[in-house]
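Novice: This structure is in structure tokens; I'll ask about it shortly.
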Amino acid sequence: MKTSHDDTLLIHSGRAPAHFGGMVNTPPCRASTLLVDSYADWKAARANANPYGHYARFGTATTRSFEALLAELEGAYDAQVFPSGLAACTHAMLAFLSPGDHILITDNVYGPTRAFADQVLSKMGVQVEYFCPLEGANIAKRFRSTTRALYLESPGSQTFEVVDVPALAQVAHAFGAWVLMDNTWATPLYFKPFQHGVDVSIHAATKYLVGHSDAILGAVTTNQRAWSRLQAHAQALGQTAGPDDIYMATRGLRTLSVRLQRHQATALMLAERLQAHSAVEAVLHPALSSSSGHAFWKRDFLGASGLFGVVLQPVPAGAQALEKFFDQLTLFGIGLSWGGYESLALPIDTPSRSVTPWPYQGPLLRLHAGLEDPEALWADLTNALSVYCDTKALAL
Ligand SMILES: *Cc1c(COP(=O)(O)O)cnc(C)c1O
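Right under this line is the structure:
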């Protein structure tokens, strides 16, 4: 379980009421120009480590509140906002790669990150190679003299394999490569990337940090060694985000711990019951002992969030049965994203992977357990599952 120290940080870090007329929350600051008082102050501002820092594109009090809170919570050196989670993923990679470099990417990576690697990194002359998420320290044989980065996502947000982060990071560092990890699923509360050898941690803040499905935002945190490179790259490419979205993310973060406890408990209850249901072929949830990489989850993670996968038993009516299942659901919405207060269900047509076998026969769904009454969610699922199974009779 996460530490109680985190609970206090979540409430007290990243705000300074005395600077804002006593307001508990740092308000959304709207700014472009930031004025100085005198020529001497201007000269002093320009002499900072970042001579262009005195401009709102590089952040305001709103930005710094969020970045400071996130960095402190995750045990990072510092944090940088990006306009979306995907921008955080892509810019983190770009900051550490040059033409001719080789990158190893986990095969269970978020689809759009994979598309970026295949379409943009490849065109830039970066060699992209995928590896099986369960490969562990054997990955050493894939490293080349040009391997500059190892990109992890654990668990993968479609198929939920957990990787051996410390073992992989140790190999990467022995070869002088940076270790980047998408930590969106666990959030800074349930996985501490910098304690396990990660150099650069990436968040789709859109998900649990914002937590209410009302903003798109990304963030990257790094250790001290990686910071200047990440920050210089983000600034060179003009990366920033608007005050309202950042404000919403800071607001969301304050309640992350209590929300996650409930997401975790409900998801685990649903996952365990689904695993025992005759219509289910497999449940892909890192906290279940049957799930790929469960031992790594148990060793390294402090909790589990509310997102997991379910493979249904194949039925003769196939696509028609799946359609009936989804249309029968009343509490689970059908839609992209996750991490908000509401429950979601999504068909995953084919998990996008190129080197990892897929051992299941039936259709894969992704569920997000929201904050509704857990028993009501279970009733909604069992009702839809019985309709799914009834189509067996239909098809015969
Ligand atoms: C959603 C998601 C992203 C992208 O976030 P956006 O804010 O939608 O761009 C990146 N990584 C993971 C694991 C995600 O689930």
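Under UniProt numbering, the letters of the sequence shown match residues 1 to 396, in that order.
Backbone N, C-alpha and C fix where the C-beta goes; we use that ideal spot for every residue, glycine too.
Check for me: the beta strand (DSSP E) holding Y151 runs from which residue to which?
Specialist: For the purposes of this step, residue 151 is taken as residue 151 along the sequence shown, with counting starting at 1. Per DSSP, the unbroken beta strand (DSSP E) holding Y151 starts and ends at T147 to E153.
Novice: In angstroms with no decimal places, state the Cα-to-Cα distance between M1 and F301.
Specialist: For the purposes of this step, residue 1 is identified with residue 1 of the sequence shown, where counting begins at 1. For the purposes of this step, residue 301 is identified with residue 301 of the sequence shown, where counting begins at 1. Reliability of the predicted coordinates at M1 is poor, the pLDDT of 46 falling under 50, and the value obtained from them is presented with this limitation in mind. In a straight line, the C-alpha of M1 is about 8 Å away from that of F301.
Novice: For the beta strand (DSSP E) that contains E129, what are its first and last residues?
Specialist: The residue you call residue 129 lines up with position 129 of the sequence shown. Residues Q127 to F131.
Novice: What separation, rounded to the nearest whole angstrom, lies between the Cα atoms of S352 and E72?
Specialist: Counted from its first residue, the sequence shown places residue 352 at position 352. Counted from its first residue, the sequence shown places residue 72 at position 72. Going from the Cα of S352 to the Cα of E72 covers about 34 Å.
Novice: Please name the residue, chosen from E74, P166 and S354, that lies closest to L253 on a Cα-to-Cα basis.
Specialist: For the purposes of this step, residue 253 is taken as residue 253 along the sequence shown, with counting starting at 1. Of E74, P166 and S354, the smallest CA-CA separation from L253 is found for E74.
Novice: Please work out which residues of its chain come closer than 6 Å, Cβ to Cβ, to H54, disregarding the five sequence neighbours upstream and downstream, and give them in chain order.
Specialist: Locating residue 54 in the sequence shown gives position 54, counting from the first residue. The answer, listed in chain order, is L34 and A45.
Novice: Just checking A204 against ligand 1 - is the residue's beta carbon closer than 7 Å to any of the ligand's heavy atoms?
Specialist: Mapped onto the sequence shown, residue 204 falls at position 204. True, at least one ligand heavy atom lies under 7 Å from that Cβ.
Novice: Could you tell me the boundaries of the beta strand (DSSP E) in which M248 lies?
Specialist: Stepping through the sequence shown from its first residue, residue 248 is reached at position 248. That residue, M248, is in no beta strand (DSSP E); its alpha helix (DSSP H) goes P243 to R254.
Novice: Enumerated in chain order, which unbroken segments of the beta strand (DSSP E) with a length of 3 residues or greater are wholly contained in the segment 162-215?
Specialist: 178-182 and 200-204
Novice: Are T187 and L86 close, meaning C-beta to C-beta below 8 Å?
Specialist: Indexing the sequence shown from 1 puts residue 187 at position 187. Indexing the sequence shown from 1 puts residue 86 at position 86. No; because the gap between Cβ atoms is not below 8 Å, this pair is not in contact.
Novice: Got a sec: does ligand 1 put a non-hydrogen atom nearer than 7 Å to the Cβ of T159?
Specialist: To locate residue 159, count along the sequence shown from 1; it is residue 159. T159 Cβ: outside cutoff for every heavy atom of ligand 1.
Novice: My guess is that A249 and A88 are in contact by the Cβ rule of under 8 Å, so how many angstroms apart are they, rounded?
Specialist: Locating residue 249 in the sequence shown gives position 249, counting from the first residue. Locating residue 88 in the sequence shown gives position 88, counting from the first residue. About 12 Å separates the two Cβ atoms, so there is no contact after all.
Novice: Going by beta-carbon coordinates alone, are D245 and I202 separated by less than 8 Å?
Specialist: Here residue 245 is taken as the residue at index 245 of the sequence shown, counted from 1. Here residue 202 is taken as the residue at index 202 of the sequence shown, counted from 1. For D245 and I202, no; Cβs fall outside 8 Å.
Novice: If distances are taken between C-alpha atoms only, which option among D78, R30 and A115 comes closest to V200?
Specialist: Here the question's residue 200 lines up with position 200 in the sequence shown. Looking at the Cα atoms, D78 is the closest of the given residues.
Novice: Rank G306, F96, A241 and L180 by C-alpha distance to the C-alpha of A232 and give the top, closest one.
Specialist: In the sequence shown, counting from the first residue as 1, residue 232 sits at position 232. Distance check between A232 and each of G306, F96, A241 and L180 places F96 closest, using alpha-carbon atoms only.
Novice: Give every residue of the same chain whose Cβ lies closer than 6 Å to the Cβ of L396, excluding the five residues on either side of it in the sequence, and list them in chain order.
Specialist: Here the question's residue 396 lines up with position 396 in the sequence shown. Below a pLDDT of 50, predicted positions are generally treated as unreliable, and L396, at 48, falls in that range; no measurement from the model is reported.
Novice: State buried or exposed for M23, treating a residue as buried only when at least 16 other CB atoms are found within 10 Å of its CB.
Specialist: Locating residue 23 in the sequence shown gives position 23, counting from the first residue. Classification of M23: exposed, given that the 10 Å Cβ count is below 16.
Novice: Are there three or more Cβ pairs, one per stretch, closer than 8 Å when the segment 372-388 is compared with the segment 281-299?
Specialist: no
Novice: With DSSP as the reference, please indicate the residues paired to P347 in a beta bridge.
Specialist: Within the sequence shown, the letter at position 347 stands for residue 347. In the DSSP output, where bridge partners are listed per residue, P347 has L365.
Novice: Ligand 1 heavy atoms versus the CB of I348: any closer than 7 Å?
Specialist: Residue mapping note: residue 348 aligns to position 348 of the sequence shown, counting from 1. Incorrect: I348 has no Cβ contact closer than 7 Å to ligand 1.
Novice: Using a 10 Å radius around the Cβ and a threshold of 16 neighbouring Cβ atoms, would you call W42 buried or exposed?
Specialist: Indexing the sequence shown from 1 puts residue 42 at position 42. Per the 10 Å Cβ criterion, exposed.
Novice: Using a threshold of 7 Å, is the CB atom of K207 nearer than that to any non-hydrogen atom of ligand 3?
Specialist: By its list of ligands, the structure shown excludes ligand 3, since it contains just ligand 1.
Novice: Could you tell me if Q224 is buried or exposed, where buried requires 16 or more neighbouring beta carbons within 10 angstroms of its beta carbon?
Specialist: Reading the sequence shown from its first residue, position 224 is the one you call residue 224. The residue is exposed, with fewer than 16 neighbouring Cβ atoms inside 10 Å.
Novice: Given this structure, state the Cα-to-Cα distance separating T356 from C132, to the nearest angstrom.
Specialist: On the sequence shown, position 356 is the one that residue 356 refers to. On the sequence shown, position 132 is the one that residue 132 refers to. For T356 and C132, the distance between alpha carbons rounds to 5 Å.
Novice: So is the beta-carbon of residue 416 under 7 Å away from any non-hydrogen atom of ligand 1?
Specialist: Beyond the ends of the chain as shown, which are 1 and 396, falls residue 416; an answer cannot be given.
Novice: To which residues of the same chain is E257 closer than 8 Å at the C-beta, ignoring the five residues directly before and after it?
Specialist: Against the sequence shown, residue 257 aligns to sequence position 257. Reading off the sequence shown, one finds Ser at residue 257, where the question assumed Glu. Hits under 8 Å: K2, D6, D7, L10 and L189.
Novice: For Y247, count the other beta carbons within 10 Å of its own beta carbon; 16 or more makes it buried, fewer makes it exposed. Which is it?
Specialist: For the purposes of this step, residue 247 is taken as the residue at position 247 of the sequence shown. Y247 comes out buried.
Novice: Could you check if A18 is buried or exposed, using at least 16 other CB atoms within 10 Å of its CB as the buried criterion?
Specialist: Reading the sequence shown from its first residue, position 18 is the one you call residue 18. Exposed: under 16 other Cβ atoms inside 10 Å.
Novice: Give the range of the beta strand (DSSP E) segment to which T90 is assigned.
Specialist: Mapped onto the sequence shown, residue 90 falls at position 90. From DSSP, T90 is part of no beta strand (DSSP E) but of the alpha helix (DSSP H) over G85 to F96.
Novice: Tell me which residue opens and which closes the beta strand (DSSP E) that T221 is part of.
Specialist: Within the sequence shown, residue 221 is the residue found at index 221, counting from 1. Unbroken beta strand (DSSP E) run through T221: G218 to T222.
Novice: Quick check on Q80: does DSSP put it in helix, strand or coil?
Specialist: Here residue 80 refers to the residue found at position 80 when the sequence shown is read from its first residue. In the structure shown, Q80 sits in a strand (DSSP, three-state: E or B).
Novice: Would you identify the three-state DSSP class for H102, choosing helix, strand or coil?
Specialist: Within the sequence shown, residue 102 is the residue found at index 102, counting from 1. Under the three-state reduction of DSSP, H102 is assigned to strand.
Novice: By how many angstroms is the C-alpha of L364 removed from the C-alpha of D349?
Specialist: Residue mapping note: residue 349 aligns to position 349 of the sequence shown, counting from 1. Residue mapping note: residue 364 aligns to position 364 of the sequence shown, counting from 1. D349 and L364: Cα-Cα distance of roughly 7 Å.
Novice: Going by C-alpha distance, which of L94, W227 and Q264 is nearest W185?
Specialist: The residue you call residue 185 lines up with position 185 of the sequence shown. W185 has its Cα closest to that of Q264, out of L94, W227 and Q264.
Novice: Would you say H102 and R144 are within 8 Å of each other, going by their C-beta atoms?
Specialist: Counting from one through the sequence shown, the residue named residue 102 turns up at place 102. Counting from one through the sequence shown, the residue named residue 144 turns up at place 144. Cβ atoms of H102 and R144: closer than 8 Å.
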